[in-house]
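Peer 1: Residue numbers (the working numbering): 2 to 277. Don't be surprised by glycine CBs; every beta carbon is placed ideally from N, CA and C. Please see the structure below; I have some questions.
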Amino acid sequence: MKQVSSLAARLMSARAADGCEITFDLYSSPAPDAPRVVLIHALAMAARQWDELVQELRDTCHLLTVDCRGHGRSEKRPGPYTGDLFADDLACVLDAAGWSSAIVAGCSMGGCVAQAFGLRHPPRTDGLVLIDTTASYGVAAMPKWAERAQRAATQGMAALVDFQLDRWFTDAFRAEQPAAVQRCLDIFLANDPACYGATCDMLAKADLRAHLDTITCPTAVIVGEEDYATPIAMAQDISARIAGAKLTFLPKARHFSPVERPHAIADEVLWVAQQL
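Shown next as structure tokens:
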């Protein structure tokens, strides 16, 4: 699998409404009129989660990969966090990039943020690509989120590694692509436990279901067939609530299908672009 750490990107930053610094990368396509695509990472990840997809799309799309607040190179400002806050942060990022609108793609947490952005900023949302995500984890999941946050706070991020690796990737991918797995693991271990806990709380409380029927932009919903973090039923629920949404199941993929199956995800991004 190709790695893209050597690809030229323009490193930029934006100031959110509360002054929080948000870092992002811009990759410009050789085609000036190429679609603009924002990529929003999963919980405890960062922009480099998208390395494989950047490799797939950089010739055909202008790409913006963001480190959400509390993650990666962005400011580790304390919580509380909300999906609306992250969505408004993204609006400030688009302003800093000079983009009036974009296709907004997100994986897991990033998919929740993408939905929130589509609801809060519809004129700026050309399309949505919702990957291995949900509109709500449900009340029953709240204690599990609280336990994860507490474990990170008391034992550190390393205490969650075994739990995460099995959820992120299939056994075969972990065996065949150790460099990609290690990259995601390194990102995860670099997290600030307090910011991680605030983001866990945000996801525990998120519930976007009641408003998804107001989304009218082209939308692709994708889920790995082996994803048990946000299983198929959650993707089906999202697609049923958004008129005209395209639902795709990816075999041999778990929760981080943009890393495991970047070509398939690229196809879905380009499908959305073709609808514009």
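(1) Can you tell me whether VAL162 is buried or exposed? The criterion is at least 16 other CB atoms within 10 Å of its CB, across all chains shown.
(2) For SER249, which of helix, strand or coil comes out of DSSP?
(3) Using 10 angstroms around the beta-carbon of ARG11, count the other beta-carbons present and answer buried if the total reaches 16, otherwise exposed.
(4) CA-CA distance, GLY157 and PRO194?
(5) So what does DSSP say about GLU226, is it helix, strand or coil?
(6) Sort ILE188, ILE239 and THR231 by Cα distance to LEU209 and report the nearest one.
(7) Can you name the start and end residues of the alpha helix (DSSP H) that MET46 belongs to?
(8) Taking the C-alpha atoms as reference points, what is the distance between THR134 and HIS42?
(9) In its own chain, which residues sit with a C-beta less than 8 Å from the C-beta of LEU44, not counting the 5 before and 5 after it?
(10) Report the three-state DSSP secondary structure of ASP187 (helix, strand or coil).
(11) Just to confirm, is the Cβ distance from GLU269 to ILE233 under 7 Å?
(12) When burial is assigned at 16 or more other CB atoms within 10 Å of the CB, is GLN151 buried or exposed?
(13) Looking at the strands, I want to know which residues DSSP matches up with THR66.
Peer 2: Checking against the coordinates, here is how it stands:
(1) The count along the sequence shown starts at 1 and reaches residue 162 at position 161. So VAL162 ends up on the exposed side.
(2) Here residue 249 is taken as the residue at index 248 of the sequence shown, counted from 1. A small correction: the amino acid at residue 249 is Thr; Ser does not occupy that position in the sequence shown. DSSP places THR249 in strand when its eight states are reduced to three.
(3) Mapped onto the sequence shown, residue 11 falls at position 10. Under this definition ARG11 is an exposed residue.
(4) Residue 157 sits at position 156 when you count from the first residue of the sequence shown. Residue 194 sits at position 193 when you count from the first residue of the sequence shown. The alpha-carbon separation between GLY157 and PRO194 amounts to approximately 7 Å.
(5) Reading the sequence shown from its first residue, position 225 is the one you call residue 226. In this structure, GLU226 counts as coil in the three-state DSSP scheme.
(6) One-based indexing of the sequence shown puts residue 209 at position 208. LEU209 has its Cα closest to that of ILE239, out of ILE188, ILE239 and THR231.
(7) Here residue 46 corresponds to residue number 45 of the sequence shown, with the count starting at 1. Premise fails: MET46 is in no alpha helix (DSSP H) and is neither H nor E.
(8) Against the sequence shown, residue 134 aligns to sequence position 133. Against the sequence shown, residue 42 aligns to sequence position 41. In this structure, the straight-line span from the alpha carbon of THR134 to that of HIS42 is close to 11 Å.
(9) To locate residue 44, count along the sequence shown from 1; it is residue 43. Excluding five sequence positions before and after LEU44, the CB atoms of its chain that fall closer than 8 Å to its own CB belong to SER109, MET110, TYR197, THR200, CYS201 and LEU204, given in chain order.
(10) As a position in the sequence shown, residue 187 is number 186, starting the count at 1. The three-state reading of DSSP puts ASP187 in helix, counting H, G and I together.
(11) Counted from its first residue, the sequence shown places residue 269 at position 268. Counted from its first residue, the sequence shown places residue 233 at position 232. No, the Cβ-Cβ distance between GLU269 and ILE233 is not below 7 Å.
(12) Taking the sequence shown and counting its residues from 1, one reaches residue 151 at position 150. Its Cβ having fewer than 16 others within 10 Å, GLN151 is exposed.
(13) As a working mapping, residue 66 is identified with position 65 in the sequence shown. ASP26 and LEU40.
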